[in-house]
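Student: Residue numbers (this note's numbering), protein chains in the order written: chain U, 38 to 340; chain A, 313 to 569.
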Amino acid sequence: MSTSKLMDMADAISRWVVDGCSVAIGTNLETAIPFAAGHEIMRQEKRRLTLIGPISDILFDQIIGAGCVRRVQAAWVGNVITGVGYNFRRAVEQRMISVEDHSNLTISMALQAGAMGVSFLPSRTALGSDLFATNPGLKFVTCPFTGQKHTAIAAIVPDVAIVHVQRSDVFGNAHAWGNMGITREACLSSRNVILTAEEIVSTEMITRDPNRILTPGFKVSAVVHAPWGAHPSPMPGHYNRDHAVFLDYQTQSRTPELFASWMNEWIRSISSIHQYVETLGDAYLSRLSITHHDYSEPVDYGY
Amino acid sequence: MDTDTTYTRSELMVAAASRQIADGEVVFVGMRLPLLGFLVAKSLQAPNAVGVYELGIIRDTVAPEPILTMGDLPNLYRSQWLADTRDTMSLLQQGLVDVSFIGGAQVDRFGNLNTTLTGSSLNITTRLPGSGGACDLACLAHRHIIIMAHEKRRFIPKVDYITSPGYGDGKGWRESVGLVRGGPSAVITTMGIFAFDPETCEMVLTSLHPGVTVEMVQEQTDWPVRISTKLSQTPPPTRQELSTLRRFDPDGYWTGK
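1) Quick one, which of U:L251, U:A320 and U:T288 has its alpha-carbon nearest G209 of chain U's?
2) So with Cβ pairs under 7 Å, would you call D563 of chain A a contact of chain U?
3) Quick one: what does DSSP say F283 of chain U is sitting in, helix, strand or coil?
4) Quick check on the DSSP output: the alpha helix (DSSP H) that includes L573 of chain A runs from which residue to which?
5) Given this structure, state the Cα-to-Cα distance separating W404 of chain U from S93 of chain U, to the nearest angstrom.
6) Taking a cut of 8 Å between CB atoms, which residues from the stretch 62-74 of chain U lie near chain A?
7) According to DSSP, is D399 of chain A helix, strand or coil?
8) Just curious, the beta strand (DSSP E) that G504 of chain A is in, first and last residue?
9) Quick check: what's the CA-CA separation for M313 of chain A versus G102 of chain U?
10) Which residues in the same chain as T512 of chain A place their Cβ atom closer than 7 Å to its Cβ, once the five residues preceding and following it in sequence are excluded?
11) Show which residues of chain U have a CB atom less than 8 Å away from the CB atom of S433 of chain A.
12) Does M460 of chain A get closer than 7 Å to chain U when you measure Cβ to Cβ?
13) Contact criterion: CB-CB distance below 7 Å. Does E137 of chain U meet it with respect to chain A?
14) In chain U, what lies closer than 7 Å to C653 of chain A by C-beta?
15) In terms of alpha-carbon separation, which member of U:H280, U:Q312 and U:N248 lies closest to D337 of chain U?
16) Checking contacts by CB at 7 Å: is D396 of chain A closer than that to chain U?
17) For the alpha helix (DSSP H) that contains V529 of chain A, what are its first and last residues?
18) Alpha carbons only, please: which of A:P441, A:V341, A:S391 and A:R331 is nearest the one belonging to V109 of chain U?
19) Given that I118 of chain U touches chain A, what residues does it touch there, using C-beta distances under 7 Å?
20) Which same chain residues, not among the five before or five after C224 of chain U, have their C-beta less than 7 Å away from its C-beta?
21) Can the beta-carbon of D56 of chain U be found less than 7 Å from the beta-carbon of R84 of chain U?
22) Let me know the alpha helix (DSSP H) ranges lying completely inside the stretch 180-262 of chain U, each 4 residues or longer, listed in chain order.
23) Applying the criterion that 16 or more other CB atoms from any shown protein chain within 10 Å of the CB defines a buried residue, is L434 of chain A buried or exposed?
24) Counting only the same chain and skipping the five closest in sequence on each side, list residues whose C-beta sits under 8 Å from that of Y565 of chain A.
And the structure:
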């Protein structure tokens with residue numbers, strides 16, 4: 038008999054994100070970014086984290102700005118619709134954090150190597166680039182069969198992957214849909230997985246559609262009920278992207294002083310995702326709701 | 313030609329980018345202006361083009377509503393395939409992507425692009441966002457098109473860091489480092505369009521945007537600009553191109569003044 042892994046966000050972050058650990062987060066690139074979990078990491082003032090991700094949008098910039106990070110292993114850190122991530126830029130230029138530069142393909146394959154239990158995987162990308170100069174996890178290798186040059190990408194095994202999904206049962210069996218980014222390999226390679234979910238549902242509802250399950254439930258360490266937990270990023274099946282937040286963040290992060298006041302308003306004055314949702318209010322959030330629903334046909338898994 | 317005389321420089325660049333896409337091509341669609349360029353091409357001369365997005369999205373139809381970024385839910389709606397980033401990159405690595413578009417902060421005359429850092433890796437002056445998928449696109453697509461602002465501090469003899477390889481130091485370089493195909497085929501700037509000389513792999517100015525002179529381009533380029541013997545003027549966006557791209561960017565977020 039399985040035991041429930043359902044806990045509140047503060048407990049999940051406190052228990053599974055410890056100072057100095059490595060965290061894969063923001064693995065869907067633009068959709069389903071676990072902002073609520075990231076904000077709890079900032080609230081608990083975690084320190085010396087390694088952040089792992091692809092194109093990571095502004096959550097990385099926020100966690101770096103809060104002083105939680107020592108190292109980044111990622112393909113891109115910034116604000117997708119405006120460009121620069123000011124906290125990231127300042128932290129690198131002031132030698133506060135180090136960066137291992139990946140591309141979207143190399144970070145995916147680093148996690149895939151971890152997921153497959155091998156120490157590296159080969160690729161044809163990055164040859165001739167300077168990524169080799171700023172990422173010790175990339176080396177040249179010659180194919181033993183063809184003699185062709187390849188890039189060897191060292192495995193990355195994160196201590197924890199944090200992923201936001203549409204629905205999960207209390208044991209970590211979860212449905213995720215939409216574009217998947219590098220989420221599947223991040224979950225499979227990580228030592229622990231924290232799932233934050235829009236809805237907590239029955240095991241029956243999940244197992245009736247096992248092709249839609251993200252990762253085996255036994256890989257999951259914690260399940261957190263976090264409706265709107267990906268706001269302001271878009272969540273397929275639930276809400277659209279809140280562009281205004283990303284546009285405003287460009288100004289709100291431009292100087293350390295402006296970012297400190299953003300932190301006071303949106304991290305320190307807020308205790309949980311539930312208070313965050315209350316603060317934004319129904320009228321505000323309803324503008325983001327999906328209005329054009331499009332349900333798929335059920336499929337038959339019977340025998 | 314049926315043209316509208318009131319258009320922005322960004323609209324001209326989107327139209328120029330869209331004309332680089334031929335019907336039936338598989339296009340790896342990047343952020344910003346290329347997002348619109350693909351939608352315009354798909355709506356006009358390339359109805360059978362397929363769009364591949366690194367988020368793990370493949371589309372053979374245009375999104376039903378305007379999008380600001382590729383992760384907007386209308387861009388997921390009735391996709392040809394919703395998948396993993398690795399799946400889209402696998403198509404690219406196999407050689408199934410014809411063309412891709414990338415931007416940059418610095419470029420040199422061989423089309424090497426930098427979006428990572430200025431200064432040096434041991435003494436960073438300015439940290440930029442990084443590769444994203446750009447390095448993969450520059451290495452693995454059959455060709456890629458560079459879109460960027462034309463300024464002297466960006467068009468420099470040697471980039472500080474190669475994020476996305478062009479032709480390295482010239483002909484034969486890509487093969488020598490192990491790249492199996494590809495390279496930049498055009499650079500669309502705020503001032504004109506460049507191609508690459510097949511013999512030397514150097515950037516050659518082939519087209520000037522309306523109102524721009526060779527002298528103005530040289531002024532903003534920190535190497536002696538090579539000029540094509542067939543130098544022409546970039547055709548302004550047609551009324552049809554403008555009305556199409558304004559339908560996809562109705563508030564002018566990407567292409568407004």
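Just so it is clear, CB atoms sit at the ideal spot from N, CA and C, and this is done for glycine as well.
Tutor: Here's the rundown:
1) U:L251
2) no
3) helix
4) Summary: the structure shown does not reach residue 573 of chain A, with chain A confined to residues 313 through 569, and so no result is reported for it.
5) Residue 404 of chain U cannot be examined here, being either before or after the span of chain U that is shown, 38 to 340.
6) Within the stretch 62-74 of chain U, those residues whose Cβ lies closer than 8 Å to any Cβ of chain A are, in chain order, N65, L66, E67 and T68.
7) helix
8) Counting along the chain, G504 of chain A sits inside the beta strand (DSSP E) bounded by residues G504 to F508.
9) Residue placement at M313 of chain A is flagged as unreliable, the pLDDT there being 49, under the threshold of 50; the coordinate-derived value follows with that caveat. Those two C-alpha atoms are separated by around 52 Å.
10) Cβ neighbours of T512 of chain A beyond the five flanking positions: G482 and K483.
11) Those within 8 Å of S433 of chain A in chain U are D167, A170 and T171.
12) Closer than 7 Å: no.
13) At a cut-off of 7 Å, the C-beta of E137 of chain U has no neighbouring C-beta in chain A.
14) Residue 653 of chain A lies beyond the range of chain A shown here (313 to 569); nothing can be said about it.
15) The residue with the shortest Cα to Cα distance from D337 of chain U is U:N248.
16) At a cut-off of 7 Å between C-beta atoms, D396 of chain A counts as an interface residue with respect to chain U.
17) V526 to E531
18) A:P441
19) L380 and T381
20) A198, V200, V230, L251, T252 and K256
21) yes
22) 220-226 and 240-244
23) exposed
24) L380
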